[in-house]
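Peer 1: In this note's numbering, the protein residues as written are 897 to 936.
The structure follows.
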Amino acid sequence: MLKIVIFIVLAILMLFAIVIGIDTIYWGIQAEKGLPINCP
897 MLKIVIFIVL
907 AILMLFAIVI
917 GIDTIYWGIQ
927 AEKGLPINCP
């Protein structure tokens, strides 16, 4: 039971890391193009 909970938590953390990584890369490209960044 505990292993399942740990696995789910790790999966969620991985998902967050991927989303944040893609978001950071996207804003980096926008900044290089010299476009205005509307970061919330």
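Ideal Cβ positions, reconstructed from N, Cα and C, are used throughout, including at glycine.
Since the model is a prediction, treat every value here as computed from it, not as a measurement.
I need the DSSP call for M897, collapsed to helix, strand or coil.
Peer 2: Mapped onto the sequence shown, residue 897 falls at position 1. Coil.
Peer 1: Determine the direct distance from the alpha carbon of I921 to that of I904, and round the result to whole angstroms.
Peer 2: Counted from its first residue, the sequence shown places residue 904 at position 8. Counted from its first residue, the sequence shown places residue 921 at position 25. Near 26 Å, if we compare the C-alpha coordinates of I921 and I904.
Peer 1: Out of curiosity, what's the CA-to-CA distance linking M897 and D919?
Peer 2: Your numbering for residue 897 matches position 1 in the sequence shown. Your numbering for residue 919 matches position 23 in the sequence shown. Cα-Cα distance, rounded: 34 Å.
Peer 1: Taking just the CA atoms, how far does A927 sit from F912?
Peer 2: Taking the sequence shown and counting its residues from 1, the one referred to as residue 912 is at position 16. Taking the sequence shown and counting its residues from 1, the one referred to as residue 927 is at position 31. Going by the C-alpha atoms only, they are around 22 Å apart.
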